[in-house]
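Below is one structure; the comments refer to it alone.
Protein chains in written order, with this note's numbering: chain A, 220 to 559; chain B, 3 to 75.
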């Protein structure tokens, strides 16, 4: 998954795109490694930490669906931006765990928020979901929208096979949202690039419940409605190569290097992947924001939740350049450079 | 090199009965094995190398490490 990115740079249009307010909603329940193991999970608490860096993850409470987390995060983002639902021109919601196969979760959130009858649509880009939503939001701003909600929300805990060593302990649930607006051209979203490589489409996927393999008693009995990672080592290395490759392509085109970036905020699939990325990029580990130990792999919401936490804990602030990175099932990948 | 590869493998899993028997490692163990071999032999594995030919048997594993040893991309 190594190809030069085609970048969107708002400055090329003499414009700027800002992230005017961010919001986050984590799954309500903290689930520790000990709890997973006591419930019959295949890995010991120590193995989970050693293999992934995760000590606990957040799971949605029974009765909470993806649209609920997305709505909470979006409300917080609106509050942070100082705007109301009536000010929104478009809702983009990235998810691979919709409330229902149909209709879109975006329509549910549009109604729950009380948005105008604006366009509302789901995007499916797995763990690169937020970057895909941000890219589309930026394009909407550059073509005339005033304020766009870019949301990423996933409840992957409901797609897990509890007996699967490779996946059962990794995932947490969360939503993150950003109100995207026009802004000054030298700050905010400086550049963003995305890619997809469908050769990896079935390396990590949920096989059944769609048109290729409709849901049935047999597919449920065989747990084909859960996440299958057919080639874990390939997925592991592809995640690193995808994030590093997009980072290097974006930075090179912007005339920058890793030294010019204050903080790297990557999708958090596994701490060993982030450690590997730091080593191969030749950057100190402190330059990479890591918080997977308490929240797990948050799938499409991972990037935006990590960014929100990095800002909240002042790991980055005014004047800093922050590099968002993601790679996910599909395969999908992306990089975005922010000027704070 | 064979003894060193076997030592790395033995620290993570039972050794196969012969060079052509399936290694039969799960994905978590395979990742640990690959990273341990990278550190021991000074190379960086690539995603496209994670396949049956290189990781399916001891003979395949030995051949892969021999090709890659000391060759950082």
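Positions of the beta carbon are idealized from the N, C-alpha and C atoms, including for glycine.
Look at residue 345 of chain A here: in three-state DSSP terms it is helix.
In this structure, the CA atom of residue 444 of chain A is about 7 Å from the CA atom of residue 378 of chain A. For residue 278 of chain A, the beta-bridge partners assigned by DSSP are A:248. Under the DSSP assignment, residue 485 of chain A falls in the beta strand (DSSP E) whose first and last residues are 482-485.
DSSP lists A:397 as the bridge partner or partners of residue 241 of chain A. In this chain, the beta strand (DSSP E) harbouring residue 373 of chain A covers 366-374. Residues of the stretch 40-54 of chain B whose Cβ lies closer than 9 Å to any Cβ of chain A, in chain order: 46, 47, 48, 49, 50, 51, 52, 53.
Within the stretch 23-42 of chain B, the residues whose Cβ lies closer than 7 Å to any Cβ of chain A are, in chain order, 28, 29, 30, 32, 33, 36. Between the stretch 320-336 of chain A and the stretch 527-534 of chain A there are fewer than three C-beta pairs closer than 8 Å, too few to call the two in contact.
Within the stretch 378-459 of chain A, the alpha helix (DSSP H) runs of at least 4 residues that lie entirely inside it are, in chain order, 436-440.
When the alpha-carbon of residue 41 of chain B is set against those of B:72, B:56, B:8, B:5, the nearest one is in B:72.
By the rule that beta-carbons nearer than 8 Å mark a contact, residue 455 of chain A touches chain B. Here the alpha carbons of residue 335 of chain A and residue 254 of chain A stand approximately 43 Å from one another. As the crow flies, the alpha-carbon of residue 368 of chain A is around 48 Å from that of residue 66 of chain B. In chain B, no part has a C-beta under 9 Å from the C-beta of residue 375 of chain A; the shortest such distance is about 18 Å.
At least one C-beta of chain B is nearer than 8 Å to the C-beta of residue 452 of chain A.
Between residue 387 of chain A and residue 260 of chain A, the alpha-carbon positions lie close to 7 Å from each other. Between the C-alpha atoms of residue 451 of chain A and residue 267 of chain A there is a straight-line separation of about 15 Å. In chain order, 252, 253, 256 place their CB closer than 6 Å to the CB of residue 264 of chain A, counting only its own chain and leaving out the 5 sequence neighbours on each side.
The Cβ-Cβ distance between residue 412 of chain A and residue 343 of chain A does not fall below 8 Å.
Membership of residue 311 of chain A in the beta strand (DSSP E) is indicated by the continuous run 309-313. Checking the DSSP bridge columns, you'll see residue 552 of chain A partnered with A:414, A:546.
DSSP, reduced to helix, strand and coil, places residue 264 of chain A within a helical segment of the structure shown. Chain-order list of chain B residues neighbouring residue 247 of chain A: empty, with the shortest C-beta distance near 29 Å, by a criterion of under 8 Å. Taking the Cα of residue 541 of chain A as reference, the smallest distance to any Cα among A:220, A:477, A:250, A:349 is reached at A:477. Take the alpha-carbon of residue 3 of chain B and the one of residue 68 of chain B: they are about 8 Å apart. 8 Å or more divides the Cβ of residue 383 of chain A from the Cβ of residue 277 of chain A.
Each residue's CA atom was taken as its position, placing residue 305 of chain A and residue 286 of chain A some 19 Å apart. In this structure, residue 12 of chain B lies away from residue 31 of chain B, with their beta-carbon atoms at least 8 Å apart.
Look at residue 345 of chain A: its C-beta is not under 8 Å from any C-beta on chain B.
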